[in-house]
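Chemist: Going by numbering that gives the first Met the number 0, the sequence shown opens with residue 0, and the numbers climb by one from there.
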Amino acid sequence: MKNDIKILEVEDGTLKSQYARTVLEKLPEWFGDKQALEDFVVGVAGLPFWAATDDNGCCVGFISVRTHYGHTGDIYVCGVLPECHRQGIGKALYAAAEEHLIKNGCKYVMVKTLSDTDSYKPYARTRAFYKSIGFMPLVTLPEMWDEENPCLIMIKLPTGR
0 MKNDIKILEV EDGTLKSQYA RTVLEKLPEW FGDKQALEDF VVGVAGLPFW
50 AATDDNGCCV GFISVRTHYG HTGDIYVCGV LPECHRQGIG KALYAAAEEH
100 LIKNGCKYVM VKTLSDTDSY KPYARTRAFY KSIGFMPLVT LPEMWDEENP
150 CLIMIKLPTG R
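Structure, rendered in structure tokens:
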């Protein structure tokens, strides 16, 4: 990761939503559904959230998580600006979120993404990213979203590394 990138926990709900909108609107290949984008922008306001900021203080990426049943962490939404992909920012954001989940008693972490039964290339890169940080495919649930967008749930045992 570049030295001028800082990972910061953000507590202000308005700022969380602003950062999420800034990044997600620049990722139309992943977040082209306007209603889903709005739902994420609103949803992050009340959830744990970390931002990656550059040396000008601009947000170049973020991650937001939630917890289920007190022991399962869930990556609610994350994104990194396209020009910042493959620089270690996503891994650094995930590491900060995982540390939080471990401190809060999570024994598992999950993420929902587009299944590998769909050949859409941007999500092939997404799945490759999650695999690179230790996630494994658990199950595809075509009925979760819709048949054109089959949901893959991936899981990981948090390691704190």
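Glycine included, C-beta positions come from ideal geometry on N, C-alpha and C.
For A44 versus G72, is the C-beta distance shorter than 9 angstroms?
Modeler: Locating residue 44 in the sequence shown gives position 45, counting from the first residue. Locating residue 72 in the sequence shown gives position 73, counting from the first residue. No.
Chemist: Please report how far the alpha carbon of L7 lies from the alpha carbon of G69, in whole angstroms.
Modeler: Numbered from 1 along the sequence shown, position 8 holds the residue referred to as residue 7. Numbered from 1 along the sequence shown, position 70 holds the residue referred to as residue 69. The alpha-carbon atoms of L7 and G69 are separated by roughly 24 angstroms.
Chemist: Touch check for the segment 18-37 and the segment 48-61: three-plus C-beta pairs under 8 angstroms?
Modeler: The segment 18-37 is in contact with the segment 48-61.
Chemist: Kindly indicate which residue of L92, P149 and T116 has the alpha-carbon position closest to the one of I4.
Modeler: Along the sequence shown, one-based indexing puts residue 4 at 5. Looking at the Cα atoms, L92 is the closest of the given residues.
Chemist: Do the segment 118-133 and the segment 24-33 make contact, defined as three or more Cβ pairs closer than 8 angstroms?
Modeler: Result yes; three or more Cβ-Cβ pairs closer than 8 angstroms.
Chemist: D73 by DSSP, collapsed to three states: which one?
Modeler: By 1-based counting over the sequence shown, the position of residue 73 is 74. The answer is strand: DSSP assigns D73 an E or B state.
Chemist: Excluding five sequence neighbours on each side, which residues of the same chain lie with their C-beta closer than 7 angstroms to the C-beta of G104?
Modeler: As a first step, residue 104 is located in the sequence shown; it is residue number 105 there, counting from the start. Hits under 7 angstroms: G69 and H70.
Chemist: In whole angstroms, what separates the C-alpha of D115 from that of D53?
Modeler: Sequence index remark: in the sequence shown, residue 115 carries index 116 (1-based). Sequence index remark: in the sequence shown, residue 53 carries index 54 (1-based). Distance between the alpha carbons of D115 and D53 is about 33 angstroms.
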